[in-house]
Each structure stands twice: as structure tokens, then as C-alpha cells.
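> Pasting a structure here, questions to come.
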Amino acid sequence: ETGVTQSPTHLIKTRGQQVTLRCSSQSGHNTVSWYQQALGQGPQFIFQYYREEENGRGNFPPRFSGLQFPNYSSELNVNALELDDSALYLCAIHATGRAFFGQGTRLTVV
Amino acid sequence: AQTVTQSQPEMSVQEAETVTLSCTYDTSESNYYLFWYKQPPSRQMILVIRQEAYKQQNATENRFSVNFQKAAKSFSLKISDSQLGDTAMYFCAFILNYGGSQGNLIFGKGTKLSVKP
Chain A
44 ETGVTQSPTH
54 LIKTRGQQVT
64 LRCSSQSGHN
74 TVSWYQQALG
84 QGPQFIFQYY
94 REEENGRGNF
104 PPRFSGLQFP
114 NYSSELNVNA
124 LELDDSALYL
134 CAIHATGRAF
144 FGQGTRLTVV
Chain B
104 AQTVTQSQPE
114 MSVQEAETVT
124 LSCTYDTSES
134 NYYLFWYKQP
144 PSRQMILVIR
154 QEAYKQQNAT
164 ENRFSVNFQK
174 AAKSFSLKIS
184 DSQLGDTAMY
194 FCAFILNYGG
204 SQGNLIFGKG
214 TKLSVKP
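For the record, the sequence lines run as chains A and B.
The opening position of the first sequence corresponds to residue 44 in our numbering, with each subsequent residue numbered one higher.
The opening position of the second sequence corresponds to residue 104 in our numbering, with each subsequent residue numbered one higher.
In C-alpha cells:
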């Protein structure tokens, strides 16, 4: 499997603050997607990047934004945090016909 | 709309027994991949098995196999010789294939599987 690393693993933030989550892989695959997984639910698609451009977005407000860098690592930024943003955030690296996940970042908003 | 339905929120099985997890999906597209992912309490989403929609032959990976019925849009997972380490949440998902590039994964709500000694 492709090694996918997310950082940090856990994070506590206060309502109204901003947060940046990071994702990188050893493989250099050019497509990355981000998901939000609330407790007891399946992951929900936030957005996807292909060669540094956003090429798909789920039903999330604009305060969820992202970046993909030339080395294909990626960031998820969330502004004006709300209590409902508390969740596990997963990134996935896409290879042909497969998607490999990092271990996730557990975000708690208080 | 593209959806995945897992009708069994929770299931349990005795160690060494066989269990089948159900999944149905809906898409109007014909070119896609189907997956089963396992998410243990450590929360790492682990790929268990994948199926290419254009292949009729059901995929197998050691103790894991699928029953893929494309016309019925059904994709069940069979776990044989269940082991305690199989205890986890299992998610069914699919991804559209655009001839070289892919869309995003669409997940079901998951089935919590408990393997009992």
C-alpha cells in the first residue's frame, strides 16, 4: 500500500479559530481527496485535488478550503471553526482504481 | 444521486464462522470500482477488497470474497473463518472511473462487525 501520513493526529481548537491539517504520501500520486467522518457515520467527501487544482467538491461551505503542492502533498484549512466541525478528517491518495487513506486527524472543537 | 446503502448497522459472528455483509449502491454510470474498507478502533481506513465493475468474476482476497451483482447493484462481502482481528467497522464504497482519472469515494454508513470468541 501507498504510505499516507496525516498530521497532526489529534487537535483541540476553540470555536471561531482556524485550523490546518496536512497530508503527504511517499508515492507522489497526483490525486488527493479529503473526507470528514462524524462519529458513527461514513466519511463524507469534502473536496479533491488533481495536479494542484481543485476538481471536485462536496456539500461543504467555503470556509473549508484546500491546497495541493507541487510534491502532491496537501492541506485542508477550516476557518471560523464550529462545534459541528468536530470529526475525524481523512485524506486519501488515489492510484489507478484504488484509494489509500492516512490514519486521520481527530479534530475537537470546544 | 449516487448512494451506498448498508442495511445492517451491526452484526456479530462467532470466531471461525462465516459472515456476509450486505451493500447496495446506486449510480447511472457504468464504469466504476467498488470497495470494502475496514476501520478498526485505531481508525485507519484499510482497503479489504476491490472489484472492477466491468469484470464479472467476483474478487477474492484470502478469507474475503465478494458477491457482485451488477444488474441488481449489489456488492456483498463474505468473511470466511472469522478472526478476532476482523472486529471493526466495515464500509462499502464506490468510485467512478473517468478513463484514467477518478471521482471521489462514496461511502455507506457502515456495518459494525463483532467477532466473538
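In this text, a Cβ means the ideal position worked out from N, Cα and C, and glycines have one as well.
So if DSSP puts A130/A in a beta bridge, which residue, or which two residues, is it bridged to?
Beta-bridge pairing links A130/A to L150/A.
> With distances taken between CB atoms, is the gap from V107/B to A196/B smaller than 8 Å?
Yes.
> Taking the straight line between their C-alpha atoms, what separation do you get for K141/B and N122/A?
Taking the straight line joining both Cα atoms gives about 31 Å.
> Which residues does DSSP pair with L216/B in a beta bridge?
DSSP, once it has assigned bridges, lists M114/B, A191/B as partnering L216/B.
> Across which residues does DSSP place A196/B in a beta bridge pair?
According to DSSP, which records beta bridges pairwise, A196/B is partnered with F138/B, F210/B.
> Determine the closest residue to R94/A out of N114/A, Q84/A, A81/A, with distance taken between C-alpha atoms.
Closest option to R94/A, Cα to Cα, is N114/A.
> Is the shortest distance between the beta-carbon of R146/B and the beta-carbons of chain A less than 8 Å?
Chain A, which has a Cβ nearer than 8 Å to the Cβ of R146/B, makes this yes.
> Compute the Euclidean distance between the alpha carbons of F225/B and S179/B, then round it to the nearest angstrom.
Because chain B spans 104 through 220 in this model, residue 225/B falls outside it and cannot be assessed.
> To the nearest angstrom, how far is it from the Cα of F143/A to the Cα of V151/B?
Using only the alpha carbons, I get a separation of about 11 Å.
> Check whether the Cβ atoms of A130/A and Q80/A sit closer than 8 Å, and answer yes or no.
It is a contact, given that the beta carbons lie within the stated cut-off.
> Decide if H137/A is buried, meaning its Cβ has at least 16 other Cβ atoms within 10 Å, or exposed.
Label assigned to H137/A: buried.
> Note the first and the last residue of the continuous beta strand (DSSP E) segment covering K181/B.
177-182 is the span of the beta strand (DSSP E), which, as asked, contains K181/B.
> Helix, strand or coil: how does DSSP classify A104/B here?
Here A104/B sits in coil by DSSP.
> Please list, in chain order, the chain B residues whose beta carbon lies closer than 9 Å to that of G140/A.
Neighbours of G140/A on chain B, chain order: Y136, R153, E155, I198, N200, Q205.
> Quick one: is A176/B near chain A, going by C-beta distance under 8 Å?
The sequence shown places Lys at residue 176/B, not Ala. With 8 Å as the cut-off, K176/B does not count as an interface residue toward chain A.
> Using the rule of at least 16 other Cβ atoms within 10 Å of the residue's Cβ for burial, across every protein chain shown, is N120/A buried or exposed?
Label assigned to N120/A: exposed.
> Pull up the distance between the alpha-carbon of T130/B and that of S168/B, whole angstroms please.
Distance between the alpha carbons of T130/B and S168/B is about 22 Å.
> Measure the alpha-carbon distance for L124/B versus S70/A and round it to whole angstroms.
The alpha-carbon atoms of L124/B and S70/A are separated by roughly 32 Å.
> Strictly under 8 Å for the Cβ-Cβ distance: is T74/A near chain B by that measure?
It does; some Cβ of chain B falls within 8 Å.
> T48/A bridges to which residues according to DSSP?
T48/A pairs with S67/A.
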